Every structure is written in structure tokens, then in C-alpha cells.
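In what follows, a structure is listed as C-alpha cells, so that the remarks can point back to it.
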């Protein structure tokens, strides 16, 4: 979304070209006021008068001054007499400015009354290399003097101020004093502007305010319905730029240029690129419309040709050129066309309500619409994107200009005052100069060929002849003229550059110049722009093809600046395309043409809208969206622009407009791509120390990737990663390497960058998404994943919802051989001691007032005396079962005591499941206001006689070998029949089947997976019980696995041992913190008999006395 009013600001030449150094003096127009401002650089020109600061040859009378110079000879009277108002006077408070003359910095005084630019001999001598002096053609007078100044000579030089450069003639005088910057030169550099207080300006001042909208008119975009819509993914905008993007979106909405998209289909969505505005802190939002443009149908309308201009402008002496303020945005789009302009931002979708820059048919729509608005006005043409007002005299011109301003007021269109030029005496279009003196060829068309130096090698001769044969093949006698040069290209000829060769070279240049001068640009012919770039310059050749021949229209070349010469070859070739198209804007804008290059990678980068070009190319491609062109490839030996690029016109530009635009974009992106805690200088220094990135930077400049990959033996994988994305890489002024909008981080800063991106401990996906927003480096995903995965803070705060598969216990060999014991706590303070036979599922329940060993052991002793001593007793890790008394009791009775995995009740599942049924019976008795003890016995009587779900046999029947009698009536069944129906084989078969179904059901609900944890691994332990909200789910101290048996794992940290199920551990892969040590007072160990099969763990003696357990006082009166 680029405002057209900023086009010139981006490096595009003005649509109109005036020779301000040769304006004629009217002598009658009185200046009522003039002022200048060398700091604001704002050019404010009145409608009806041009800057009349220099005097050229004219039959008109000389301008009247207070002190008229003396009369001279007739020859001098026929020439221009230049006046200087300020010589030999220096003012400390004057408007001094620092300019560059041929690259040398000089302080100059802006003199609005001086018609020429003057330097002293001392200043002239400081310019290196010293320019050649020509004899002065006109006398120069100081203000009020009748004696001309002593002029040593004149020379033509390039004068620069900031990004603007002009060619001007400079006079060298013997007088010492300040350098005077003449009126025309200061105006061309934007340092001086003159204001006239005329009535017409006041009458139409509303035409220079804001952005208008054409009344009662809406534009329609014609689209090919067979092209499928494309919604391009949103391009990420760096976080530090998003606030400015939001401000720009708000500004455009306030101007009624865009609107948000809500509740409507958006089949077409285009991405945006944010670029800085020139000499401003503001930004411009550019919409990449290349996908949409594939579907847009171009509109063809009649445009003025050179013949039309010759006919219309014949005899015209006064010209004004008007520029609409953001011209495209003054034309409203209809509702049907707006969906094609939808673009995505980080705050949602927007679309244009006005015609937008970058749309393929925008130039044709704009030109046709403006032409329709002005078509009935005499002396008005709509050429390219300018409104040209002309007349044979100034009076008619003023009438026509007023009529145009009145029409613009009627239709509500506004102008950009800074880009309007009024009452000029000449204008240049399509390579021809139209002035009061008639029509002449623009000397700039052939300036490049005239400035070409003589070739110095055979290859240069071949290149020159290739250009000549292409653009001047129909010149009569070309073969005979070029014979001395062609002789030098023979293999058996020695190099000898003599008078014959020099004369042939000069004649050929003259013939080619004549051919280009006589050529007319025909908008109906096929246009081709041939470009080339060398390490030193750019060359371009504009030709047109018709049925009979190929006609050269114009040639151009220029030298590269210091910065541009350091571009890679791909960037230089792309710069040649951009510069050439903008240079020949007046010929190419609004029409279709072909660009020919000898650099094949540019074909896909420019033609493919899915391509990801480097940063500089991206900015140039966006700039060229307004042109309808296709890039094609032609090998270098057939490129006629090759000689122009290798022998460009000498230039002293320190910076070009294309370079300024690209470098500003690269610097803008690089600055905002740097994380705020890492400075640009740090990255630059680290890049200089990174051997891989330095190799790549040199390779980009030399374009020798294959040589680098063939010779480099180290870091091959990293170099290969950079080679794959080589077309996206860019080197900025600070020698930072960028991939698109992102900085390529050197090796030494990568971990630091990832740590910055991981601040706040986002997950792997979010951290990768954030870091890829700003930076890039080879293996960025892999390194980010490893660092985030190794972060102990993240691991201890992320729960693994993975359970170990259910492990089913085998059925004991006989009844009452293996028992499971557990406690059920009651609200009354009592406890139910539950003993269950794992074979028959027969429960025995005792009521105890305490879970101490002194209370439990007598109860077990009574049970064992009734049913016998078992082989194995399985318990949890409760207090009575960890005591020395219980261990002695087990030794005395002769059973083996096994404790299940701590904090894992599923390991004692049969008795744990019975607890739920038992507590239900207790709650039911309380609900019915019955004695819970009596109801407990009733429950046990029925439970023991009920067939078990797994075995299908009542527990009592399996234990005693006979059924027990209940209150229900039952038949008498022989014991033998009962035993036959409940044989051990049938019982085991049913048990296995039921347990298999139970395991399959449990494993299918939730994520179950075997933990990949072995002895020696480092793990994190999950906290037990209810975890407070401010605590992490896992202990932040890593533990080491010292023993594993099935799903039972024991870990150790210092003297602290923990045994848990594998589901309570999470593998830790990061570094072990060295500042954390175990608390030796917290010792949790496993004392089960299984320990004997593994590592022997040492039990630390208690250092504090055993606590005396007593019943709470509140329960003493409980009955």
C-alpha cells in the first residue's frame, strides 16, 4: 500500500523534466516576496511563475535592475549576461550549507539573486581530481557593478546535497570569498524555494489540501474468473514495528482509504511488507499484489504518442505540470472490486476503498479516468501520470490553468503542491524537448553512447561491436566503417589501436547517436529493455520491435557507487533492472514491455510471485509493481548492453536513489530484527569473528558458491544450509548477513539469542515461532528444541500425562497363601483393618482404634490363628508396616512381608477396590441411622457368599471348599459337585480372561506407554499429594536412577532415596545443577524384601525421639 505521492521520494525520476539552468528572464514579472529554508528542504512554487533566477540568450529586453551594466559588443549582447549579487562578502549568519562538488565537501552560501554558481581559485584547487577548465562564454557581473568579474574558466560538475545530485556549470573567479550557490542549482537541490503571493493561489488553495475523492465515480477491477483465488499466508511483522504499523493503519482509516474486513468471505488475501519512508521516521505499508495481478485483466486505452505531442505542443511556449496528491487514492473502488485488495496484518484483515498502488491495471484506470475528466479542456493533456497544461503565450496558459483548477474543484480532486511545476518554458517527454524554440531531441538519450571510452582489449572491442550490431544494424555502410575494429577481433591479428581504429570508433558512435536521436517512441510497438551490470557500472538499452526491424530508442549507463559495487552479482543485476525501468519511466509506465537480462536467477525471482527474494530485491520488486513487465533470460555474449555496463558514464554520486531506497529498507529491517538485549554492534563484531559467515559474505559478493563448497572441508553442513537459501541472503552496510527480514546470527551468539527468546519459559513451538520472527541460523529448530527441552524449569513445570501399562498380578497357587492388607479410615476416628486372600478374595475385617503396630499385630495374630499363617503378606508403606515390631512379627510367624510401590495404590488393587465397597456399606448404615458395626457384619456375611466378578465363585466357597449359609434359602448341593464346578483350572482360566479385559480397558483409556528409563538415567520426581498452585508439579532437583524392577524405580540424590512407580518420573536430559544438594535429613527409602535383590540401601538412624501417639481429647467422651 504505497502512496503514489511518495514515488519520486523513492528514487523514481519526476514525470516531467525541466532545464532550470536555462530559464528565460521575463523582466516584467515583479517578485513580491521570496524566502528560502535550507533545513526543511520543502519546495514551494507558485502556480503562475517559475524561478526566474538565470538569464539566457533571448531577443527580449534585459531585466531592469537598479544598476544597469555597461553596454558591450553586439556579440556579447547576443549572449546571456549573468549576474551575481554577492561576491567578496561573507556573513556568519548567512544561509550556508555543506554540499559536495565532485565528491569534495564544500561550504557554500545560498544566493537567491545569483544566476550562476561561483567558486574561488583556492576552492577550485581543492577539488581532486582537478576538473578541466573551459573558456567562459558569457560575462559575469557582481550586483551593482558595470565591470565583469575576472573569470578564470568554467567546468561542469556534479553538485550533491544529501540524496539529490545535479549537473551544473561552475564559474571559477580570481576573487577570494565564499562559494556562491546559484538560484537554479539551489532550487534543483531543494535548498531554495520561491513564493509569490498571487491572487490565483489564494483562490484555489483548497486544491492543495488533503486527499480528494472523485465525485460520482467508482472504479471497477476486471478479473479473470478462471484464475483460482490465492490467500497468501501472513508475513510476520517484527514486534518492535507493530505499534507503528497500527498507527499507519489508523491513519489510512481516518483518510477513508482502507477499511477493516468483518463477516465477509476473503478468497483473495495479500501479504504486506513494511518499509521506512525516506528522510522520515514514518513507515509505508506495501501490499504485495503479485498473486492478484495474475487474475487482473489489463485495460488498454488510447495514450498520446510522440506524433500527438508534436502536433499538440507545436508553438507552445509556456508549460505547467500538475501532480495529483496520492492520485490513485482519489479514485474510489466499487464494492465488487474491494475483495481483491484484501491484505493481512497482525491486527486482522483490511481492504482498500480506493484504487491502490501495486494493482496491475491501476495506471491504465487512473490515466483513463483523469483523461475523461479533462477531455473537453483545451491545451490540456494527460500524459503518463501527469496533467500537462500548455499554451502559445502566458496569458492563454493562465486561462487554461485556471480552467483546469476549476475543473479539479468541481470533481473534488486535489494536487500535491510540492510536485507541481508552473509556467516553465520547456518540458521533456518521450526523449524529446518541447520548448518555445520548437522540438529537439533530448541529449540525454545518447549521452551514454557519446561518453563511452575507447576499448582497450579485444574482448571490449567485441562487446562494443555486439552492441552496435544490435542497435544500429540498419545504418548504411556500417560494415565498411567498422572494418578496422573487426580486424582487431581476428585471432591472428595483433592489438594495435591507431588513427584508423579511433576514427572508426568515433564514426560509429556518431551514427548510433543519430539513429537514436531520430527514433520516435511508438506506444503501439513491442518494447524491450535490455540491461546488464558489471562490477563497476550499469547499462541499459531501450529498443522497439516492429514488423520490419529493431529500432533503438535510448541508451543509458551509470557507474556504481561504492556501496553498490559491494553488492553480490545477483543484486547488481537486479539493481540494473530497477534502475533502467525507473530511468525510462516516461516510456514504460502504463505499457507492457520485456526486460532482458543475462542473469538467469532473476527470471524466477522477478516473475514468480511465490519466490522469496533477498531483502534488497524484495524492496525493488515492490517498487516496480506499478509496471507491467516480464523478465527474460539471454546469455551474456548476446547482450548488447554489456559494453555500456562495463564503460558507464562517470559519476561522482556518493549514493544513488535506488541504493538509498534499498539500504534504508535493509537497515530498517536489520535494526528491528535485532533483539533489544543484543546490540547491532555486538552482532556485527561476532559476525566478523565467525569464519563461516565471513566465508559466506565473501562468496555472496563474488558469486562463487560452488568454489566455496568444493574447497571448504569444515562446517560443510552449515555451509550447505546457507547454500540452499543463497537467493534469500543479503549483506547490509554493517556487513551483517540477513535472510530476508531476519538476521543470520553468528555461532557465538546463538545460545544467548535462544535464551532471550525463551525468557518467560514458553514451550518449544512458541519459542521457535518467536525466534524465527527475528533471526535465523543453520539448525535453528534443532538447537532451540534442545535448549528448551533441557530447561529444568520448563521440565519441572510440565506434566507428562503418560501412565505405565497396567500390570496384572498372577493368581496365587492356593487359598490363603498370599494376603493383602490395608486400612480404611472412618470419620469416627476408628480404622478398619482389612485382610484379603488374593486367591479367593475372602475379606477379614477388624476394627482398630489406631494404626500402630501394637494395635495391628494382635489382630493379625488372631486372624492367623483362625485361618493359618500365609506365605506372603503384601501391604502398603503405612507406619505399622515400616516398624521394627512388624518385622519381628513377620520373622516370628514365618511369612514374607512385601511392600508395594510407595504412593501407588494400584499395586495393591484388589484390597483397594474392596475399600470402596466397604465404605459404601458404612455410609449406608449412617444414612439409615443404624449401627454401622452391625451393618458391617451383615455386609461381610453377604459379600463372602456372593460369587466374585472375576472368579465367578463366592470367596467363602473357594476358601473353605463349601458354601456358607446365609439368611436366604438354598438347596443342599454335594460338596463334590461344588468342587467339580470350581476346579482350579477353570478358576485360573476365568481369572486370566477377566484380568485381560480389565487391562485392555485400562490401557485404552488415557495415554499408556512404557517409560524409557533405565538405571543411570537422570529424572525429575513428581510431587506427591495435592500440589499448591504456586509449586511446580515436579521437584526441581534432578535424581539419578539407582534401581529398577518392572515399573518400580528407586532414585537417589545425595543421601535421599525415593521409590515410586515409573509414572511418577520424567526423564531429564539437561545439565545437572551444581548448586543443589540433597537434604540429608529427608531420607525416604524402600525397606521391602525386594531390596535384597537389588542394591543394598543404608538406613540412617533417627536423630529425633519417637513421637508418643495419643488419642485426641475431643474423642475421649465418644462411645
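Numbering (the working numbering), first residue to last: 236 to 1354. Just so you know, even glycine gets a beta-carbon here, dropped at the ideal spot from N, CA and C. All values derive from a computational prediction rather than experimental measurement.
Query                                                                                                           : Result
For residue 530 and residue 976, the rounded distance between their alpha carbons                               : 28 Å
Bounding residues of the alpha helix (DSSP H) (the contiguous stretch that carries residue 990)                 : 985-992
C-alpha distance - residue 481 paired with residue 862, whole-angstrom precision                                : 29 Å
Contact belief for residue 650 with residue 559 at Cβ below 8 Å, rounded distance in angstroms                  : 6 Å
Whether residue 1010 touches residue 978 by CB criterion (8 Å)                                                  : yes
Beta-carbon proximity check, residue 1108 vs residue 1077, cutoff 8 Å                                           : no
Assigned secondary structure, residue 1043 (DSSP; H/G/I helix, E/B strand, else coil)                           : coil
Distance between beta carbons of residue 568 and residue 488, contact taken as under 8 Å                        : Contact doesn't hold; Cβ gap of about 15 Å is too wide.
Exposure label - residue 775; buried when at least 16 CB within 10 Å                                            : buried
Unbroken beta strand (DSSP E) run spanning residue 798, endpoints                                               : Careful: residue 798 lies outside any beta strand (DSSP E), inside the alpha helix (DSSP H) at 797-800.
Close Cβ partners of residue 1040 (< 7 Å) along its chain, the five nearest in sequence each way excluded       : 1238, 1243, 1245
Sufficient close CB pairs (3 or more, under 8 Å) joining the region 412-420 to the region 337-356               : yes
Pair within 8 Å by beta-carbon distance, residue 973 and residue 837                                            : no
Unbroken stretches of the beta strand (DSSP E), 3 residues or longer, contained in the region 446-515           : 493-495, 507-511
For residue 1084 and residue 1349, the rounded distance between their alpha carbons                             : 14 Å
Inter-residue Cα distance where the pair is residue 935 and residue 391                                         : 37 Å
Coarse secondary structure for residue 1188, derived from DSSP in three states                                  : coil
The region 775-790 in contact with the region 815-823 per 3-pair CB rule at 8 Å                                 : yes
Counted within 10 angstroms of its Cβ, other Cβ atoms place residue 1307 as buried (16 or more) or exposed      : exposed
Exposure label - residue 970; buried when at least 16 CB within 10 Å                                            : exposed
DSSP bridge partner residues for residue 1071 (one or two, in chain order)                                      : 1055, 1078
Neighbourhood of residue 207 by C-beta, 6 Å cutoff - its chain only, sequence neighbours within 5 removed       : This structure does not reach residue 207, given that the chain is present from 236 up to 1354, and the question cannot be answered.
From 658, 450, 507, 639, residue whose alpha carbon lies closest to that of residue 592                         : 507
Straight-line gap, residue 1004 to residue 964 (C-alpha atoms, nearest Å)                                       : 20 Å
Backbone CA spacing between residue 216 and residue 692 [nearest angstrom]                                      : Lying before the first or after the last residue shown, residue 216 is absent from the chain, which here runs from 236 to 1354.
Runs of beta strand (DSSP E) lying entirely within the region 756-837, each at least 3 residues, in chain order : 761-768, 772-780, 785-794, 827-832
Close beta carbons around residue 1283, own chain, < 7 Å, minus the five adjacent residues each side            : 1136, 1294, 1296
Length-filtered (3 minimum) beta strand (DSSP E) runs lying within the region 1242-1286                         : 1253-1256, 1274-1280
Residue 1026 (DSSP reduced to helix, strand or coil)                                                            : coil
Between the CA atoms of residue 1006 and residue 357 - distance to the nearest angstrom                         : 58 Å
8 Å Cβ cutoff, residue 1121 in contact with chain D                                                             : The structure shown contains no chain D; it is built from a single protein chain.
Buried or exposed (CB count within 10 angstroms, at least 16 for buried), residue 503                           : buried
Reduced DSSP category for residue 442 - H, G, I as helix; E, B as strand; rest coil                             : helix
DSSP three-state assignment for residue 583, whether helix, strand or coil                                      : strand
Cβ-Cβ distance between residue 1088 and residue 1121 below 8 Å                                                  : yes
Proximity below 8 Å, CB of residue 581 to CB of residue 472                                                     : yes
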